[in-house]
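A.B. asks:
Spelled out as structure tokens, the structure:
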């Protein structure tokens, strides 16, 4: 029987959800398509309808984890373009806070990042993953650099610091905070523990005291 588009999409989502569970439980290297199919309640043939192999499933999850950063950048860019008098650094802090809160509410993404950062053995066949993750990090760094560059152009950035260096430091601060939280998410609130560090950093690189975003 021919499956409808909606049925096919439900199967694909079931496979991805099951893959998250299996990758978290067994790690990416030890996980098998048979285990993913069993967890999803589908046949291997149903998996092959959507994915050629385990690596394609992993890549789909990886892509899903990176989309929110791209959306954050687009929203921030649009807001600063629409309201040019806004303080770029205050808006950046607000956007990061929004992203962290969304991260805690929508649990799929932290589960995927736990797989990417804590359940992978990055052997030779996983080298393309490392390259893609680096590309994703650099894309987020460019977002930070663009916004910090706008602050610098308006004299709002400490003159001794370049936008590129500040953006790199902010990226490492955010990624490090998220990684630390993923190791024991039950022990702390990500947003509450990270935002004082983020705002403290942005205050430190500011040329003057900035008003906080409402």
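Residue numbers (my numbering): 129 to 342. Built from N, CA and C at the ideal position, the CB exists for glycine as well. Note that the structure is a prediction, hence the values are computed from the model and not measured.
Rounded to whole angstroms, what's the CA-CA distance from residue 139 to residue 283? Just pull it up for me.
C.D. replies: Their Cα atoms are separated by approximately 53 Å.
A.B. asks: Does the region 255 to 271 come close enough to the region 194 to 203 to have 3 or more Cβ pairs within less than 8 Å?
C.D. replies: Yes: the two stretches touch, three or more of their Cβ pairs being nearer than 8 Å.
A.B. asks: To the nearest angstrom, report how far apart residue 236 and residue 186 are at their CA atoms.
C.D. replies: Answer to the nearest angstrom: the Cα atoms are 14 Å apart.
A.B. asks: Hey, quick one: how far does the alpha helix (DSSP H) through residue 308 stretch, first residue to last?
C.D. replies: Here the alpha helix (DSSP H) through residue 308 covers 291 to 311.
A.B. asks: Closer than 8 Å by C-beta to residue 136: which residues in its own chain qualify, once you throw out the five before and the five after it? Chain order, please.
C.D. replies: For residue 136, where only same-chain residues beyond five positions count, the Cβ hits under 8 Å are 177 and 178.
A.B. asks: Name the two residues that bound the continuous alpha helix (DSSP H) containing residue 212.
C.D. replies: Here residue 212 belongs to no alpha helix (DSSP H), and DSSP marks it neither H nor E.
A.B. asks: Alpha helix (DSSP H) containing residue 260: first to last residue?
C.D. replies: Per DSSP, residue 260 belongs to the alpha helix (DSSP H) from 255 to 281.
A.B. asks: In chain order, which alpha helix (DSSP H) runs of at least 4 residues are fully inside the region 147 to 203?
C.D. replies: Listed in chain order, they are 161 to 168 and 172 to 178.
A.B. asks: Between the Cα of residue 306 and those of 160, 225, 256 and 143, spot the shortest distance and give me the residue it belongs to.
C.D. replies: It is 225 whose Cα lies nearest to the Cα of residue 306.
A.B. asks: Could you tell me if residue 218 is buried or exposed, where buried requires 16 or more neighbouring beta carbons within 10 angstroms of its beta carbon?
C.D. replies: It is buried - the Cβ of residue 218 has at least 16 other Cβ atoms within 10 Å.
A.B. asks: Measure from the alpha carbon of residue 191 to the alpha carbon of each residue in 149, 233, 166 and 244, then state which is nearest.
C.D. replies: For the residues 149, 233, 166 and 244, the minimum Cα distance to residue 191 belongs to 244.
A.B. asks: Taking the alpha helix (DSSP H) that residue 216 belongs to, which residues open and close that run?
C.D. replies: Element bounds for residue 216: 216 to 233.
A.B. asks: Can you tell me whether DSSP reads residue 316 as helix, strand or coil?
C.D. replies: It is coil, neither helix nor strand.
A.B. asks: Hey, how far is the Cα of residue 330 from the Cα of residue 239?
C.D. replies: The alpha-carbon atoms of residue 330 and residue 239 are separated by roughly 28 Å.
A.B. asks: Measuring straight from C-alpha to C-alpha, what distance separates residue 145 and residue 310?
C.D. replies: Their Cα atoms are separated by approximately 19 Å.
A.B. asks: Just the C-alpha distance for residue 188 and residue 168, rounded to the nearest angstrom, thanks.
C.D. replies: If I take the Cα positions, the gap works out to 16 Å.
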